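*Asks:* If you count by the numbering used here, then the sequence shown holds residues 4 to 166, one letter each, in order. Once you've had a glance at the structure underneath, I'll fire off some questions.
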Amino acid sequence: MIICGVDPGTRATGYGILELQLNGSAEYIIHGTIRPRAKDLPGRLKQIYLELLQVFEHFKPQEVAVESSFYAKNAQTAMKLGQVRGVIILAATLHDIPVFEYTPTEIKSATCGYGHAGKDQVSSMVSTLLNLPQGLIVSRDATDALAVSVCHTSSRRMKGVML
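Structure follows, in structure tokens:
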């Protein structure tokens, strides 16, 4: 089963794709970062949508996991992030791909065992859990997306839902 984790952002949206094996382990496939060049939010949303569609069409994930909204200090930032999440969910559902959402605390707990782990801890643990060489993932957004994927595979195992 192919799983795509997505870390939403208006300036950079990360994605990380894993293949869930029959034994429950997760195998790294690819990661990337969508960096929209448009200056206005509608243009960025369009670019994120179109590039995610290409990722979904090429890798054909059976499930998509997205980091859920968090409380931002700025209400405007939270609203923009919600719009990006909406675009991600729309792209997945138009391809009939089920979407699962996880809070930042759930993601950090699944990857690090501690819900308030720092970015460096998450990055290091993602590389360790997926047997990736340190430094392979240079984008924090892609690291976070892979962490979302790891969280989803862990959630499937905990619920006893395999392939």
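Using N, Cα and C, we set each Cβ at its ideal position, and we do this for glycine too. Given the structure is predicted, the values throughout are model-derived calculations rather than measurements.
Just how far apart, CA to CA, sit leucine 84 and arginine 14?
*Replies:* Here residue 84 refers to the residue found at position 81 when the sequence shown is read from its first residue. Here residue 14 refers to the residue found at position 11 when the sequence shown is read from its first residue. Looking at the two C-alpha atoms, the distance is approximately 10 Å.
*Asks:* Under a three-way DSSP split, which group does aspartate 43 fall into?
*Replies:* On the sequence shown, position 40 is the one that residue 43 refers to. Coil at aspartate 43, not helix or strand.
*Asks:* In the DSSP assignment, the alpha helix (DSSP H) including histidine 34 goes from what residue to what residue?
*Replies:* In the sequence shown, counting from the first residue as 1, residue 34 sits at position 31. Counting along the chain, histidine 34 falls outside any alpha helix (DSSP H), though it belongs to the beta strand (DSSP E) covering 29 to 37.
*Asks:* Alpha carbons only, please: which of Lys49, Phe59, Ser158 is nearest the one belonging to glycine 12?
*Replies:* By one-based count along the sequence shown, residue 12 stands at place 9. When each option's Cα is compared against that of glycine 12, the closest is Lys49.
*Asks:* Tell me whether lysine 111 is buried or exposed, calling it buried when 16 or more other Cβ atoms sit within 10 Å of its Cβ.
*Replies:* Numbered from 1 along the sequence shown, position 108 holds the residue referred to as residue 111. So lysine 111 counts as buried.
*Asks:* Taking only three categories from DSSP, how would you classify glycine 89?
*Replies:* Numbered from its first residue, the sequence shown carries residue 89 at position 86. Helix, per DSSP.
*Asks:* Measuring CB to CB, does tyrosine 105 end up less than 8 Å from glutamate 66?
*Replies:* For the purposes of this step, residue 105 is taken as the residue at position 102 of the sequence shown. For the purposes of this step, residue 66 is taken as the residue at position 63 of the sequence shown. In this structure, glutamate 66 does not lie closer than 8 Å to tyrosine 105 by Cβ.
*Asks:* Could you check the C-alpha separation between glutamine 57 and histidine 98 for me, to the nearest Å?
*Replies:* For the purposes of this step, residue 57 is taken as residue 54 along the sequence shown, with counting starting at 1. For the purposes of this step, residue 98 is taken as residue 95 along the sequence shown, with counting starting at 1. Taking the straight line from one Cα to the other gives about 11 Å.
*Asks:* So does the stretch 109 to 124 actually touch the stretch 145 to 159, counting three or more Cβ pairs closer than 8 Å?
*Replies:* Touching, yes.
*Asks:* Near aspartate 144, which residues of its chain fall below 7 Å by C-beta distance, leaving aside the five closest residues on each side in sequence?
*Replies:* Working through the sequence shown from its first residue, we reach residue 144 at position 141. Cβ neighbours of aspartate 144 beyond the five flanking positions: Asp10, Gly12, Ala15, Thr16, Gly17, Thr36.
*Asks:* Quick check: the Cα distance between isoleucine 32 and isoleucine 6, rounded to an integer number of angstroms?
*Replies:* Position 29 of the sequence shown, counted from the first residue, corresponds to residue 32. Position 3 of the sequence shown, counted from the first residue, corresponds to residue 6. Near 10 Å, if we compare the C-alpha coordinates of isoleucine 6 and isoleucine 32.
*Asks:* Identify whether valine 67 lies in helix, strand or coil by the three-state DSSP scheme.
*Replies:* Against the sequence shown, residue 67 aligns to sequence position 64. In this structure, valine 67 counts as strand in the three-state DSSP scheme.
*Asks:* Whose CA, out of Val129, Tyr52, Asn26, Ser28, lies closest to the CA of arginine 38?
*Replies:* Here residue 38 refers to the residue found at position 35 of the sequence shown. Checking every option, the nearest Cα to that of arginine 38 belongs to Tyr52.
*Asks:* How close, in whole Å, do the beta carbons of histidine 34 and leucine 149 come, if the pair is a contact with beta carbons under 8 Å?
*Replies:* Within the sequence shown, the letter at position 31 stands for residue 34. Within the sequence shown, the letter at position 146 stands for residue 149. That belief holds up - the Cβ atoms of histidine 34 and leucine 149 are roughly 6 Å apart, short of 8 Å.
*Asks:* Are leucine 55 and glutamine 86 close, meaning C-beta to C-beta below 8 Å?
*Replies:* In the sequence shown, residue 55 corresponds to position 52, counting from 1. In the sequence shown, residue 86 corresponds to position 83, counting from 1. Going by C-beta atoms, leucine 55 is not nearer than 8 Å to glutamine 86.
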